[in-house]
Amino acid sequence: IVEHVYHNTPFYRKKMQELGSTPDDINSIDDIVKLPFTTKYDLRENYPFGLCAVPMSQIVRIHASSGTTGKPSVVGYTRKDLSSWAECLSRAFTDYGADSS
Numbered sequence: 001i002v003e004h005v006y007h008n009t010p011f012y013r014k015k016m017q018e019l020g021s022t023p024d025d026i027n028s029i030d031d032i033v034k035l036p037f038t039t040k041y042d043l044r045e046n047y048p049f050g051l052c053a054v055p056m057s058q059i060v061r062i063h064a065s066s067g068t069t070g071k072p073s074v075v076g077y078t079r080k081d082l083s084s085w086a087e088c089l090s091r092a093f094t095d096y097g098a099d100s101s
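With UniProt numbering, letter number 37 in the sequence shown gets 37, and the count goes up by one each step, no holes.
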C-alpha cells in the first residue's frame, strides 16, 4: 500500500520526502512512525480528490461531510474499499453477537 500511495499520490510522496522516508524504509509495523500523519486539514486543503491514489474511473462511491466548519471533507471509495469495509463491519458485528442467531 505504501509503495502504491507513494507512486500515485503526489501529496503523500511529498509528505514522505519531507520526513526523509521512502517505501523501502517501511518493513514492519515499527516503521509506522516513518509515515506521514493525515489530518482533516489535509483532506480539506486537498479538496476534493487531491489524496486519491487511483484514477477517478475506479471511484464508485463518494462520502462527504457537510462542511459546516468550512470546506467539506470528501473521500472516494473503490469497489475493493467498499468490500473491505463491509468485511470489517461484518466481523465486528459478529464479534458483538449481531449474527443470524
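Beta carbons are placed, not taken as given, at the ideal position from N, Cα and C, and that holds for glycine.
As the structure is a prediction and not an experimental result, all values here were calculated from the model.
Query: Which of the three DSSP states, helix, strand or coil, is assigned to Y96?; Result: coil
Query: Could you give the distance in angstroms between the alpha-carbon of T35 and the alpha-carbon of M16?; Result: It should be noted that the sequence gives Leu, not Thr, for residue 35. Going from the Cα of L35 to the Cα of M16 covers about 6 Å.
Query: Look at the alpha carbon of D24 and the alpha carbon of S66, and state the distance between them as a whole number of angstroms.; Result: 38 Å
Query: Taking only runs of the alpha helix (DSSP H) that begin and end inside the stretch 47-90, which ones reach a length of at least 4 residues, in chain order?; Result: none
Query: Tell me, to the nearest whole angstrom, how far the beta carbon of V54 is from that of T38; I am working on the premise that it is less than 8 Å.; Result: That belief does not hold up - the Cβ atoms of V54 and T38 are roughly 16 Å apart, past 8 Å.
Query: Taking only three categories from DSSP, how would you classify L35?; Result: coil
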